[in-house]
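>
Residue numbers (UniProt numbering): 1 to 441.
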């Protein structure tokens, strides 16, 4: 019986030691959260706790099994049903209280220190990233004083961080004309309302304007309280210079274009296709009054509603013209008439081209071709009459030649020239006279 008790106790001791060792390995995996200087001492303390707990547990089980053997083996007390789970739960509870509670409690301050060190290391990395960022970053406190100023901000303004920290960002570095709007944006961000993509105009050390497209983000502390504003921006100075030059050129071009429209005798209209099914005329040149008698203001509006300018047939041609323009074709040319104020039709050649600044707008230049069409009609009629006259002349030459030949033949026969002879001669040559145009008979 004692041999069985010893074997069982030793096996139980090995099993318990293995469980404890497994927990000890888990504790070793968590040692990265402690500082290196205390790890050796922590390991020694843990080993002492483990050995003490294992010795106490083994001794307790030896006593329990010995008492059990003495009670039931020597004195013959009847044995009831054995519940091993009770002893196992008891052992685990005692072991956890002896070993892990003290170890975790003693390492808690060290864990806080480790977390603090990790936080400082992370803050250092963020600081290096902040300073070396390729975008200008500005930070202000709750009084709009500069608290952050990275190297990119220094490169575009010429002011170092030492010169800017503590200065009022708005009053010291922002252009005077936008100070009020910038201060409103910063105050909104200090109340928690962030703003994205607003343009900040800074005055650099050389008194030049620097344009920065900025996002104003609320800055909070660890407790969530607002302590300032951080702005991450993009230097758009060169891009704005190019846009200003393009805008100036486009403005001058548009002004010259409109001036030429006003002075031109051709009709010039600008049609807006922004509305899918309702293209409208929003500009009409003054030549409408001189050419058609209509006021330019009367022409403005929906193209389909201008009955005073277009007949029913012209409206169909206009719809086809609008479809061609909407399809993206440039340089479309069509001819259709427009109505004069007195009701007669005036024919125009309409040429459409896209507006250089607005892709939804089409410029239509209409040239009066009424005289050209009338001249062309007269030329066609003159050509027709000339062709008819040439045919008549050829027919007369043919008849003259034939009649001459017949008269020569009659004269050579020396027949009597009596009325009967003349009647017979005419009836014989009647087919030839039928070929002669009526105006020559």
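Each residue gets a CB set at the ideal place from its N, CA and C atoms; glycine is no exception.
These figures come from a predicted structure and were not determined experimentally.
Sort 196, 203, 186, 191 by Cα distance to residue 176 and report the nearest one.
Cα-wise, what sits closest to residue 176 is 203.
> Round the Cβ separation of residue 165 and residue 185 to the nearest angstrom and send it over; I've been treating them as touching at under 8 Å.
Not really, about 21 Å apart at Cβ, beyond 8 Å.
> Alpha carbon to alpha carbon, how far is residue 215 from residue 198? Give it in angstroms, no decimals.
Between residue 198 and residue 215, the C-alpha separation is close to 7 Å.
> Report yes if the CB atom of residue 267 is closer than 8 Å to the CB atom of residue 291, and no otherwise.
Yes, the pair counts as a contact, with Cβ atoms nearer than the cut-off.
> If we ignore side chains and look at the alpha-carbon of each, how far apart do residue 160 and residue 154 end up?
The straight-line gap from Cα to Cα measures roughly 5 Å.
> Can you name, in chain order, every residue of its own chain whose Cβ lies under 7 Å from the Cβ of residue 324, other than the five neighbours on each side?
Hits under 7 Å: 332.
> Considering only the beta carbon of each residue, do residue 371 and residue 272 sit closer than 8 Å?
For residue 371 and residue 272, no; Cβs fall outside 8 Å.
> How long is the line joining the alpha carbons of residue 180 and residue 279, rounded to whole angstroms?
Each residue's Cα considered, the two are about 42 Å apart.
> What three-state label does DSSP hand residue 238 in the structure shown?
Helix at residue 238.
> Whose CA, out of 344, 143, 297, lies closest to the CA of residue 311?
Ranking 344, 143, 297 by Cα distance to residue 311 puts 344 first.
> Whose CA, out of 294, 296, 282, lies closest to the CA of residue 302?
Looking at the Cα atoms, 282 is the closest of the given residues.
> Go ahead and label residue 148 buried or exposed: buried means 16 or more other beta carbons lie within 10 angstroms of its beta carbon, across all protein chains shown.
With 16 or more Cβ atoms within 10 Å of its Cβ, residue 148 is classed as buried.
> Return the chain-ordered list of same chain residues with a C-beta closer than 7 Å to the C-beta of residue 340, the five sequence neighbours on each side being excluded.
Excluding positions up to five away in sequence, the list reads 292, 293, 346.
> Straight-line CA distance for residue 230 to residue 193?
Each residue's Cα considered, the two are about 13 Å apart.
> Compare the C-alpha of residue 178 against each of 210, 239, 190 and name the closest.
The shortest C-alpha separation from residue 178 is found at 210.
> Whole angstroms is fine: what's the gap from residue 365's alpha carbon to residue 269's?
C-alpha separation (whole angstroms): 7 Å.
> At what residues does the beta strand (DSSP E) containing residue 348 begin and finish?
Residues 345-354.
> Shortest alpha-carbon distance to residue 140 belongs to which of 169, 130, 337, 134?
Per the Cα distances, 169.
> Taking all protein chains shown into account, decide if residue 398 is buried (16 or more other Cβ within 10 angstroms of its Cβ) or exposed.
Burial call: exposed.
> Just to confirm before moving on: does the CB-CB distance between residue 190 and residue 223 stay below 8 Å?
No, Cβ-Cβ distance for residue 190 and residue 223 is not below 8 Å.
> Can you tell me which of the three DSSP states residue 439 falls into?
Legend: pLDDT at residue 439 = 44, less than 50; position of this residue unreliable, value from coordinates given subsequently. The answer is helix: DSSP assigns residue 439 an H, G or I state.
> Is there a C-beta anywhere in chain C that falls below 8 Å from the one on residue 292?
Judged by its chain identifiers, the structure shown contains no chain C, having just a single protein chain.
> Just to confirm my understanding: we take residue 289, look at its own chain, exclude 5 residues before and 5 after, and list those with CB closer than 8 Å. What are they?
Excluding residues within five positions, the ones whose Cβ falls inside 8 Å are 295, 296.
> Can you check which of these residues, 171, 137, 163, 162, is closest to residue 152 by C-alpha distance?
Of 171, 137, 163, 162, the residue nearest in Cα terms is 137.
> Please classify residue 196: is it buried, with 16 or more other beta-carbons within 10 angstroms of its beta-carbon, or exposed?
Label assigned to residue 196: exposed.
> What residues are listed by DSSP as bridge partners for residue 195?
In DSSP, residue 195 forms a bridge with 216.
> Check residue 341 in the structure and name its three-state DSSP category.
The answer is coil: DSSP assigns residue 341 none of H, G, I, E or B.
> Span of the beta strand (DSSP E) holding residue 267?
267-272 is the span of the beta strand (DSSP E), which, as asked, contains residue 267.
> Which one or two residues does DSSP pair with residue 225 in a beta bridge?
In DSSP, residue 225 forms no bridge with anything.
> How many angstroms separate the CA atom of residue 236 from the CA atom of residue 130?
Going from the Cα of residue 236 to the Cα of residue 130 covers about 20 Å.
> In whole angstroms, what is the alpha-carbon distance linking residue 319 and residue 336?
Going by the C-alpha atoms only, they are around 11 Å apart.
> Is residue 173 helix, strand or coil when you go by DSSP?
Three-state DSSP puts residue 173 in a helix.
> In chain order, what residues of the same chain have a beta carbon less than 7 Å from the beta carbon of residue 188, not counting five sequence neighbours either side?
Correct list, in chain order: 195.
> With the cut-off set at 8 Å, would you say residue 367 and residue 390 are in Cβ contact?
Contact flag unset, no.
> When we look at the beta-carbon of residue 284 and count the other beta-carbons within 10 Å, is it buried (16 or more) or exposed?
Residue 284 should be labelled buried.
> So what does residue 333 bridge to, in DSSP terms?
Per DSSP, 351.
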